[in-house]
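Protein chains: 2
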Amino acid sequence: MAVTLKILARSAQTRARLGRVTTPHGVFDTPAFMPVGTQGTIKGLPLPLVDATGSQIILGNTYHLMLRPGSDLVAAMGGLHAFAGWPGPMLTDSGGFQAYSMSDTNTIDDDGVTFRSVVDGSKVHVSPERSMQVQNQLGADIIMAFDDCPPSIDPTAQSRAAQRLMVTQQKAVSRSKAQYDHAGRLDEANDRTLRWLERCRAAHARPHDQALFGIVQGGTDLDRRTRSASQVTRIELPGYAIGGVAVGEGFDEIVKVVEHTAPLLPENKPRYLMGVGYERDIVAAVKAGVDMFDCVLPTRNGRNAFAFTPTGTVRLRNAKYAEDPGPLDPTCDCLACAPAVHGWVFPRAPSGTRGRFGDSQGGFEGGRSSGCYSRAYLRHLFMAKEMLGPILVSLHNVRHFQRLMVDIRAAIREDGWSALARHWPVTSPSFDSTLPGTPPGSKGSEIEGLGSPL
Amino acid sequence: MAVTLKILARSAQTRARLGRVTTPHGVFDTPAFMPVGTQGTIKGLPLPLVDATGSQIILGNTYHLMLRPGSDLVAAMGGLHAFAGWPGPMLTDSGGFQAYSMSDTNTIDDDGVTFRSVVDGSKVHVSPERSMQVQNQLGADIIMAFDDCPPSIDPTAQSRAAQRLMVTQQKAVSRSKAQYDHAGRLDEANDRTLRWLERCRAAHARPHDQALFGIVQGGTDLDRRTRSASQVTRIELPGYAIGGVAVGEGFDEIVKVVEHTAPLLPENKPRYLMGVGYERDIVAAVKAGVDMFDCVLPTRNGRNAFAFTPTGTVRLRNAKYAEDPGPLDPTCDCLACAPAVHGWVFPRAPSGTRGRFGDSQGGFEGGRSSGCYSRAYLRHLFMAKEMLGPILVSLHNVRHFQRLMVDIRAAIREDGWSALARHWPVTSPSFDSTLPGTPPGSKGSEIEGLGSPL
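Protein sequence lines correspond, in order, to chains A and B. Following my numbering, the numbering of the first sequence begins with 40 at its first residue and continues without gaps. Following my numbering, the numbering of the second sequence begins with 40 at its first residue and continues without gaps.
This is how it looks when you write it as structure tokens:
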């Protein structure tokens, strides 16, 4: 197997496992969080800085790279590791999810998906065989099966959850809304996912150094999840993923599906929950036995001036931060919050400095600067539309998630779940990060944008 | 004096001097190149990465910071060093040049300049006293006198040079074009610059830790340069600058003015040529005895996919780089061209990798990847509108100029001018970088943009 999991410790109170995955490009510790590098770059972050966040494995999007610059070119440049400059483990998705959801017009049949390229409008066809060919050219250590990802809940229902479904997913069924049969669609997707998985395995040309993961579908219907897990895991693969989760349904539904599905996956293989998520989602899934996560939230929210902290999101555009001399998160050790940790001599205000705000606050002998990039400075960067704002807050956010994973791994070893909850209030099931902290149009957390740098 | 120059070596063949300037925030070697940090950030570059380019002193723009976030706030945060996180020497300009040139409507009289803010449209007045107050609040080690900067050549003339004048400078005189008297305007500016310099010195509240530099004006008229230099240097200051150069006139005119003016400035004080420039401009000015330079070219061209090299500009959007596996500049040691120098393990293509382009080129055993960010990858980033493109090429360009300064300093010590010319063809007087390599609308190289991150 190209990729193997060694389980190092188990939680007694939960199904969580601490492990280490070995790949042709090195190891990564699990549970692991993978930042998303959609177009061959984690938006705004030189990879040496990503490395400094503690990220050990990163994700690339097959859909985007296939359209631009094209997998032929990436292959000619030695594969995605050499092209983008990442020496460590890497995973690519299959391109299927984006093919369905990012295109206004697409058709799906048993052969695959046909859609218009968002780059140049040309007609593109992706089949299981084509997805494997592209992923073989990109050369990631872990590659994903090309699956059929249906809406997780009935998008024609009048529920609040259905309204939260990604706009693109609603669109995908709107053409046939009158006749839409949710249960039938789930079954069709399950069967097709299984047939396509067989075709993926047959087409996969580099099983010796690329690990193909199968994907379990089934929406929020637990029986269908059971059936899909049973079918998919019958095919011997180095790892398995839970797909079709966190595409709009709420926390309770996500947890229900993951707690049901994770234990159905083989004990000795990595389990990957695709596209998840917020901190509480990750902790709940870890407790259900999941090992791997990816999400665009740290970078996308970072570009939009939303900074994660253990107690909730800092919305930097809020005027109350205009004169805030403190760091984004005083507990954080990222380059923005704690430059000294990274060897950067950050100047403090000279003793006795005074300014307009000094008087009303009793002066600030020794300076109000706390020896780091202040919320006031970071807010200024966003107000002035300076790239360094997205850069520094994205960096902070990725480190936030990696610090959470460090603490999660410690919690597993010691069953220290109450300490974890104390240090990370955002991981409480009652903490809904999506309400105050989510920028408009980001209900689905799976897709990193094309195009605009912000 | 807050700032002192120690001359360490002199060229026998030219007027060039090698020196070291001591400031309250440390030393910098001269001749020095200062990257421009317009809005409290060098666009796209975390300052630890700027430090890694060998930059020892950076520049901030008073005009921009005064408008946003305001100098009161910066002062309350401990000054610009603490606000932006730069522990080393820093220089701010006076805001005058931008006040004239960045605003559609402005009026100038003996008291100062009144203009509309480009941030919020409010009416702003800047006088010598106000410029000093703002620069005292920002707290840079070197601050610049508020001067009257007229068009360097007659903008109503029908010459090619006049047509190259910055659009904004032409605009500034267009309202009175019929009656415009260029010689009279130069005299008025010279006299006003002198009166304002006296007012700046009187208003400067921190001479103990901020060095005020006077500015010599006079356009391209050498007699007026002589008179201005004589008047300005009669006022005892820690350093002097040559202003009003490289605002549209050509290389020959720049050299003529600088060769004439630099020797008129005190031998034992730093000499600063403002807003210059291309490599050949810098070398010519160094040979005339100039010690300090600043320019937005490395960052602005970097954001627009133009990479500097010793043999000329690489226009990354050009299709011929789409499959180019080489670095921007094989002689460069920046993070993009030589990641290993910075401790970054850049993966190479695995031995035997083959792709579409491999066959036609006889295969690429050992990989076509050269262990660095390739031109192909960097071009991809720009085509995909990814921030990392501007980040990496800006970083490369700043390092390009700092490498040039290192070689210039070595050339001074050894009078090795022919070796310098051999290694840096772009420094030849006959090499016009502005023709193939300059993005549209960038005739003037002095102003870094507001607003858009790209």
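In this text, a Cβ means the ideal position worked out from N, Cα and C, and glycines have one as well.
For residue j and residue i, the rounded distance between their alpha carbons
{"i": "K424/B", "j": "L355/B", "result": "13 angstroms"}
{"i": "G402/B", "j": "V42/B", "result": "Confidence at G402/B is low in this model, with a pLDDT of 33, below 50, so the placement of that residue should be treated as unreliable; the coordinate-derived value is given next. Looking at the two C-alpha atoms, the distance is approximately 58 angstroms."}
{"i": "G394/A", "j": "T350/A", "result": "At G394/A the pLDDT is 43, less than 50, meaning the model places this residue with poor confidence and gives no usable figure here."}
{"i": "P9/B", "j": "R238/B", "result": "Residue 9/B is absent from the model: chain B starts at 40 and stops at 493."}
{"i": "T101/B", "j": "L417/B", "result": "33 angstroms"}
{"i": "L304/B", "j": "R342/A", "result": "47 angstroms"}
{"i": "L336/A", "j": "N436/A", "result": "8 angstroms"}
{"i": "V66/B", "j": "V60/B", "result": "5 angstroms"}
{"i": "Y279/A", "j": "Q218/A", "result": "33 angstroms"}
{"i": "V286/A", "j": "T466/B", "result": "57 angstroms"}
{"i": "L98/A", "j": "E298/A", "result": "24 angstroms"}
{"i": "I147/A", "j": "A115/B", "result": "60 angstroms"}
{"i": "M40/A", "j": "P63/A", "result": "10 angstroms"}
{"i": "G397/B", "j": "A121/A", "result": "For G397/B, the predicted model reports a pLDDT of 37, less than 50, meaning its position is unreliable and no value from the coordinates is stated."}
{"i": "V173/A", "j": "A241/A", "result": "14 angstroms"}
{"i": "L130/B", "j": "P309/B", "result": "13 angstroms"}
{"i": "P126/B", "j": "L459/B", "result": "31 angstroms"}
{"i": "C371/B", "j": "M73/B", "result": "19 angstroms"}
{"i": "T153/A", "j": "H462/B", "result": "53 angstroms"}
{"i": "R264/A", "j": "V296/A", "result": "8 angstroms"}
{"i": "V158/B", "j": "L86/B", "result": "25 angstroms"}
{"i": "N307/A", "j": "G328/A", "result": "11 angstroms"}
{"i": "A268/A", "j": "I96/A", "result": "25 angstroms"}
{"i": "K359/A", "j": "T80/A", "result": "33 angstroms"}
Minimum C-alpha distance to residue i - residue among the options
{"i": "A71/A", "options": "K45/A, Q137/A, P167/A, V445/A", "result": "V445/A"}
{"i": "D226/B", "options": "S170/B, E292/B, T259/B, A196/B", "result": "T259/B"}
{"i": "G117/A", "options": "A458/B, R442/B, A415/B", "result": "A415/B"}
{"i": "E292/B", "options": "A323/B, R273/B, E306/B, R169/B", "result": "A323/B"}
{"i": "G289/A", "options": "A201/A, H120/A, P189/A", "result": "A201/A"}
{"i": "M422/A", "options": "A361/A, H221/A, Q197/A, Q137/A", "result": "A361/A"}
{"i": "F332/B", "options": "D132/B, H120/B, T80/B, G124/B", "result": "D132/B"}
{"i": "G282/A", "options": "W383/A, E275/A, T300/A", "result": "T300/A"}
{"i": "F385/A", "options": "D90/B, T153/B, A377/B, L427/B", "result": "D90/B"}
{"i": "L431/A", "options": "M105/A, R263/A, F347/A", "result": "F347/A"}
{"i": "T473/A", "options": "S457/A, G316/A, A449/A", "result": "G316/A"}
{"i": "G151/B", "options": "T265/B, V157/B, R234/B", "result": "R234/B"}
{"i": "R266/B", "options": "V284/B, P302/B, N229/B", "result": "N229/B"}
{"i": "P389/A", "options": "C371/A, G410/A, G428/A, C376/A", "result": "G410/A"}
{"i": "V294/A", "options": "P277/A, L312/A, E306/A", "result": "L312/A"}
{"i": "D193/A", "options": "D180/A, H221/A, A179/A, P302/A", "result": "H221/A"}
{"i": "D186/B", "options": "L261/B, E318/B, M426/B, R169/B", "result": "R169/B"}
{"i": "S191/A", "options": "D180/A, F136/A, M171/A", "result": "F136/A"}
Presumed contact (8 angstroms Cβ cut-off) between residue i and residue j, rounded CB distance
{"i": "T69/A", "j": "D330/A", "result": "4 angstroms"}
{"i": "L44/A", "j": "L57/A", "result": "Actually they are not in contact, since the Cβ atoms of L44/A and L57/A sit about 11 angstroms apart, beyond 8 angstroms."}
{"i": "L236/A", "j": "G253/A", "result": "5 angstroms"}
{"i": "P468/A", "j": "R319/A", "result": "6 angstroms"}
{"i": "A184/B", "j": "L251/B", "result": "6 angstroms"}
Short Cβ contact (7 angstroms threshold) for residue i with residue j
{"i": "V163/B", "j": "G134/B", "result": "no"}
{"i": "S50/B", "j": "I447/B", "result": "no"}
{"i": "S94/A", "j": "L177/A", "result": "no"}
{"i": "L374/B", "j": "V353/B", "result": "no"}
{"i": "T77/A", "j": "R438/A", "result": "no"}
{"i": "H247/A", "j": "P108/B", "result": "no"}
{"i": "Q256/A", "j": "T272/A", "result": "no"}
{"i": "I182/A", "j": "Q249/A", "result": "yes"}
{"i": "K326/B", "j": "A55/B", "result": "yes"}
{"i": "A123/A", "j": "N175/A", "result": "no"}
{"i": "L434/A", "j": "L112/A", "result": "no"}
{"i": "S413/B", "j": "P364/B", "result": "yes"}
{"i": "L104/A", "j": "S156/A", "result": "no"}
Cutoff 7 angstroms: residue i Cβ touching any chain C Cβ
{"i": "E292/A", "result": "Judged by its chain identifiers, the structure shown contains no chain C, and its protein chains are A and B."}
Counting only runs of 3+ residues fully inside the region 71-157 of chain A, write out the beta strand (DSSP E) ranges in chain order. 71-76, 97-99, 129-131, 145-148, 151-155
Write down every uninterrupted run of the beta strand (DSSP E) in the region 306-341 of chain B whose length is 3 residues or greater and which is fully enclosed by it, in chain order. 310-312, 331-334
Suppose only complete runs of 3+ residues qualify. What are the beta strand (DSSP E) ranges in the region 227-271 of chain A, listed by chain order? 250-255
Please go through the region 422-462 of chain B and give each complete beta strand (DSSP E) segment of 3 or more residues, from N-terminal end onward. none
Let me know the alpha helix (DSSP H) ranges lying completely inside the region 169-203 of chain B, each 4 residues or longer, listed in chain order. 199-203
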